[in-house]
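Residue numbers (the numbering used here): 18 to 376. Worksheet: one structure, shown below.
Shown next, in the form of C-alpha cells:
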C-alpha cells in the first residue's frame, strides 16, 4: 500500500498533484496528516480537490511556529505513533511511505515508517546547500534523514540532486522537474475563485519567512531598509507570514512598513490566491525555495533575499541571488524586465513519473 505523509503547506502543495494522480488511477492510498501547519491546510486540500486525511496526528489547533511548540509537537507525534503504529499504517508492513522535502514531518514520518517496517520514498530529495544553517533546519533535516538510513527511495528533481545522494547506494530517480510544475498547472486548470483580480497598477510582491531571515534583528533591519528603498520605486504588496509579522512587531519594525503608503501589508495568502497575484506581478522578492521554483516555471523575475540557494532552477536566467548586496538589489529593481522569461514549455509530469515508479 502507498501511504502519503504531509505536515506543512509546502508539502501539501507539492504532494497534491501526486495524490491526484493516485486518485485518477483508482489507487487507494492512506493520507496521514502530521499537523505542523493548520491554517489554510484544509482549504488548500479542497482547492486541489484531494480527499481529506485518513488520520490526523499532532493537531494543536494552530501552526507550529516556535521552538518550544515544535519540541512539544514532535514529542506528541512520536509518542502517538509509537503506540498506534499499526493503526496509523493500517497494519501494512510491505508498503511504501511517500514524504516530501525537508520539513520536520520528513524526519518524524520516516521514523514512524521504519518502526512499522515500511520503505520510505522522499520526494524533492537530494537538494543540498552544504551549510547546515542555511536553510535551517531544512538542510539538517534532509542530510540527517539520509545519513542515518531513513530514506530508501530518492525522487530527485535534477541530476545534481541525484549526484548528491549517489553515495548512499539507494534507489534514486530523476523526476526532471519539481512537482511544483504540476501544482502550477492545476492552478491554471482548476481556476477557483480568487481575490486580487482588480489590481490595475504595476506592483511587486515581497514574501519573506525563513528562520535565518527573520530571527536576528540586524538581518531584519537590513531587509526592511532595502524593502523601503524598493517601495520608493514601485508599489509593493508585502505578504506577511505569521512568524514574520511577529518578528517585525517584536523588533519595532512593523509600524515603519505599515505607515509606508507604497507598501501594503497583506496576510498570508492561500496558494491559489498567491499565484493569482504572482501572475500579475512585475517581480517577486522572496527567501523561499518553493517561490524560486514557481518563478522559474512561470518565467517571473525573482530576487532571492538569500546569500545562497540549494536549488538550481532559474539561476543565471530569471532568478537573482541578492547576497543582501545593495548594489545587486538596486540593479535588479532597475532592470527587472531583462530577467523576464517565457514559461517553461514542457508537457512532462514529474508527479505522473513518481506514481509510475511506485506502481
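Each residue gets a CB set at the ideal place from its N, CA and C atoms; glycine is no exception.
Throw me the rounded Cβ distance for the residue 182 and residue 171 pair, which I believe falls under 8 Å. 5 Å
Provide the residue(s) that pair with residue 138 in DSSP beta bridges, ordered along the chain. 115, 170
If you run the structure through DSSP and keep just helix, strand and coil, what is residue 263? helix
Could you tell me which whole beta strand (DSSP E) segments of length 3 or greater appear in the region 299 to 364? 301 to 303, 319 to 321, 336 to 338
As a quick exercise: from 49, 247, 106, pick the residue whose alpha carbon is nearest that of residue 133. 106
Just the C-alpha distance for residue 221 and residue 236, rounded to the nearest angstrom, thanks. 21 Å
Residue from 301, 262, 299 with nearest C-alpha to residue 282: 262
CB contact flag (residue 90, residue 53, <8 Å): yes
Looking at residue 324 and residue 151, is the spacing between their C-beta atoms short of 8 Å? yes
When 45, 58, 49 are compared against residue 286, the one with the closest alpha-carbon: 58
For residue 81, tell me which candidate among 44, 258, 148 has the shortest Cα-Cα distance. 258
Under a three-way DSSP split, which group does residue 271 fall into? helix
Pick helix, strand or coil for residue 153, following the three-state DSSP scheme. coil
How would you label residue 307, buried or exposed, when you count the other beta carbons within 10 angstroms and need 16 or more for buried? buried
Quick check: the Cα distance between residue 223 and residue 194, rounded to an integer number of angstroms? 25 Å
Pick out whichever of 55, 186, 192 has its Cα sitting closest to the Cα of residue 372. 192
Candidates 66, 367, 126, of which the one nearest residue 94 by Cα: 126
Could you tell me the boundaries of the beta strand (DSSP E) in which residue 47 lies? 46 to 51
According to DSSP, which residues form a beta bridge with residue 252? 220
On the premise that residue 155 lies in contact with residue 6, defined as a C-beta separation below 8 Å, what is that separation, rounded to the nearest angstrom? It is not possible to answer for residue 6, since the shown part of the chain is limited to 18 through 376.
Can you tell me which of 368, 145, 361 puts its alpha carbon nearest to the alpha carbon of residue 326? 145
If we count the other Cβ atoms within 10 Å of its Cβ and call it buried at 16 or more, is residue 166 buried or exposed? exposed
Work out the CA separation of residue 344 and residue 76 for me, nearest whole Å. 45 Å
Note down the Cα distance separating residue 348 from residue 276, rounded to an integer number of angstroms. 26 Å
So, is residue 218 buried or exposed, given that buried needs 16 or more other C-beta atoms within 10 angstroms? exposed
Assuming residue 300 and residue 315 form a contact by the criterion Cβ under 8 Å, report the distance between their Cβ atoms to the nearest whole angstrom. Their Cβ separation, rounded to whole angstroms, is 11 Å, which puts residue 300 and residue 315 out of contact at 8 Å.
Do residue 74 and residue 40 come within 8 Å of each other at the CB atom, strictly closer than that value? no
Would you call residue 101 buried or exposed, if buried means 16 or more other Cβ atoms sit within 10 Å of its Cβ? exposed
Per DSSP, the bridge partner or partners of residue 19: 46, 113
Would you say residue 26 and residue 61 are within 8 Å of each other, going by their C-beta atoms? yes
Quick check on residue 294: buried or exposed, where buried means 16 or more other Cβ atoms within 10 Å of its Cβ? buried
Helix or strand or just coil, what does DSSP make of residue 70? coil
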